[in-house]
């Protein structure tokens, strides 16, 4: 069975500060890992994905994440937060890129002006 | 440009009155998924279709059914909605024949039960 743990259901950062959202996974097979963003009353938009290629993955809107097998982690970062980054962020895992996803409980990111 | 389209975006239904949510795709993907997302919770998979093969998750209530009449369309039927079924319902598609791809989500349908 696969699972994802997101530490911190709420994270607040100042505009221009570093964003760090944490995700740890558990998987019995090499995982595919994803970060999705969700704005209020919207669907899920893919930020980035890890599919066993490069361990440092760059996504949209300046986000990136690093796959660390030894730590079973896939933390999401952005060097400088923007007001438009305020949203809910979900980490997810699957066996293959397009198989059913198991999501973490989400982290709500608030940006302080 | 929308590739996964869900209709309607907002649906209000009465307690116990059957309701159907719709999802269509232009990607020609062989898999279509339905997720339920309750307020402030993670999306939870209800079931999925791989082509015409229906795959139900073990803990999906019998009250939830699905139909996929063709590749492009998939429907979620809630036979007798209860107050606890109020949620955002997300449709997603995927292609199991492709490597290094991902699921594509629609904008969701927010269901209110009154």
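Chains as they are written, first to last, in the numbering used here: chain A, 1 to 113; chain B, 114 to 227. From the three backbone atoms N, C-alpha and C, an ideal C-beta is built for every residue, glycine too.
Check	Outcome
Report yes if the C-beta distance between residue 33(A) and residue 93(A) is below 7 Å; otherwise report no.	yes
When Cβ atoms are compared, which residues of the segment 25 to 59 of chain A fall closer than 9 Å to chain B?	32, 34, 36, 38, 41, 42, 43, 44, 45, 46, 49, 51, 52, 53
Among the candidates 206(B), 198(B), 174(B), whose CA atom is the shortest distance from the CA of residue 187(B)?	206(B)
What do you reckon, are the CB atoms on residue 12(A) and residue 110(A) nearer than 7 Å?	yes
So which of 107(A), 14(A), 37(A) has the shortest CA-CA distance to residue 59(A)?	37(A)
Does the distance from the CB of residue 46(A) to the CB of residue 170(B) come in under 7 Å?	no
Counting pairs of Cβ atoms below 8 Å between the segment 117 to 124 of chain B and the segment 175 to 194 of chain B, do you hit three or more?	no
In angstroms with no decimal places, state the Cα-to-Cα distance between residue 225(B) and residue 160(B).	21 Å
From residue 57(A) to residue 23(A), what distance separates their C-alpha atoms?	14 Å
Against chain A, with Cβ distances strictly below 7 Å, would residue 229(B) count as a contact?	Any answer about residue 229(B) is impossible in this case: the structure gives chain B only from 114 up to 227.
Run through the DSSP bridge pairs and tell me what residue 10(A) is partnered with.	108(A)
Quickly, what does DSSP pair residue 60(A) with across the bridge? List them, please.	Beta-bridge pairing links residue 60(A) to no other residue.
Which chain B residues are close to residue 15(A), counting only those with a beta carbon under 7 Å from its beta carbon?	Chain B residues near residue 15(A): none, gap ~24 Å exceeds 7 Å.
For a test of the three-state rule: what should DSSP assign to residue 175(B), helix, strand or coil?	coil
Taking all protein chains shown into account, do 16 or more other C-beta atoms lie within 10 angstroms of the C-beta of residue 203(B), making it buried, or fewer, making it exposed?	buried
Quick check: the Cα distance between residue 66(A) and residue 25(A), rounded to an integer number of angstroms?	13 Å
Could you list the residues in the segment 98 to 111 of chain A with a C-beta less than 9 Å from some C-beta on chain B, going in chain order?	98, 99, 100, 101, 102, 103, 104, 105, 106, 108
Within the 7 Å Cβ cut-off, does residue 140(B) reach chain A?	no
Which residues does DSSP list as the beta-bridge partners of residue 66(A)?	56(A), 75(A)
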